[in-house]
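Notes for the one structure printed next.
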Amino acid sequence: MTEERVKDTSQIDAQIARASELLQRAREEIGKQIVGQDAMIDGLLMGIIAGGHVLLEGVPGLAKTLTVRTLSEVIDAGFKRIQFTPDLLPADLIGTMVYRQQTGEFLPRKGPVFSNIVLADEVNRAPAKVQSALLEAMGEHQVTIGDNTYPLPDPFFVLATQNPIEQEGTYPLPEAQLDRFMLKLSVDYPSFEEEMRVLSLIGNEGDVQVKRVLFKQDIKRLRDLAHSIAVDERIQEYIVTLVQKTRETRRTVHGMSRYIEFGASPRGSLALLRCSRIHAMMNGRSFVVPEDVKAVALNVLRHRLVLSYEAESEELHVDEVLQHLLTAVPVP
């Protein structure tokens, strides 16, 4: 029995090592087109392996669209980009029924949401009914056109972007809908060295060709493999404690409690566990350590907290609150 367990463990370790190498090759291929932005690339890969969706926040010009397009080429997946505008309708997103005069029938014309990777650009510029149509598709992996329900492709991955500096004419996503996103990535400016590399590549963009290194069956295999990553009970307790600390809004509990109006739901705990496993797999480990939890905590939780008016008046960012909680909660 012990020998079988050792054999199973060694097989899992070998599979995880191959998975880590495969994901590293995917990073390298994306890196041929994208300079820097390693955290964004890792977050996108993590989201698609986890079967979740990602909200990307960053100012224009940080290669968000190019990164997603390159990701779809590396993964061998269908890609559609939808520019959200105030006059967009749900039918523009999911499709509609079209009358065919030759046969006298109504036939479905499927919208751009029927793709493996969907970029919802500036999602907060469309009205609530359009946002709801997208978020329903995200949650149920199916859409209804007319009287019929149609399944969405597998994998189905939504990357939604929003601009943090322009708020006029926007429709902010409600907190309940934000919770549908597994990760929220904050995209920062490139460093001096990275921006110099961008300038040096001008004129050679057409010469760069990326290879397909991930296929749809690989995504499913990686997703299944992530479930075999061992998570000690103390790590699970650490995750639950961290998430529950975000719900303690009484001033006497901890130093940051007065800045939190509402904390993360149990969906946050599940996402934190899933992403911690994938982070361990990406780093070639068959078990989760506290550093995995810390590495993904900000991306998993930052959009699940609602800060109080006191935090807004003091111009406190949600990442500062989370960093304090990560420091305050004892590490197992």
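Read in the UniProt record's numbering, the sequence shown has 190 at position 190, and its numbers run on one by one without any break.
By construction, the Cβ of each residue, glycine as well, lies at the ideal position given by its N, Cα and C atoms.
This one's a predicted model, so the numbers in the text were calculated from it and none came from an experiment.
Exercise. To the nearest angstrom, how far is it from the Cα of L62 to the Cα of S186?
Worked result: 11 Å
For this session: Determine the extent of the alpha helix (DSSP H) in which I49 is found, giving its start and end residues.
Result: D38 to A50
Exercise. Do I30 and I12 have their CB atoms nearer than 9 Å?
Worked result: no
Exercise. Using a threshold of 8 Å, is the CB atom of G111 nearer than that to any non-hydrogen atom of the ligand PLP?
Worked result: Among the ligands in the structure shown, none appear at all, so the ligand PLP cannot be discussed.
Exercise. Going straight from the alpha carbon of H324 to that of R180, what length do you get?
Worked result: 25 Å
Exercise. Could you give the distance in angstroms between the alpha-carbon of E233 and the alpha-carbon of A26?
Worked result: 32 Å
Exercise. What's the C-alpha gap between P266 and L201?
Worked result: 45 Å
Exercise. So what's P151 in DSSP terms, helix, strand or just coil?
Worked result: strand
Exercise. Can you list, in chain order, the residues of its chain whose CB lies under 6 Å from that of A280, leaving out five sequence neighbours each side?
Worked result: I229, V288 and D292
Problem set entry | Reduced DSSP category for Q217 - H, G, I as helix; E, B as strand; rest coil | helix
For this session: Put A160 into one of helix, strand or coil per three-state DSSP.
Result: strand
For this session: Could you tell me the boundaries of the alpha helix (DSSP H) in which Y99 lies?
Result: Run containing Y99: none in the alpha helix (DSSP H); it sits in the beta strand (DSSP E), G95 to R100.
Problem set entry | 6 Å CB neighbourhood of V321 in its chain, flanking five on each side removed | M256 and Y259
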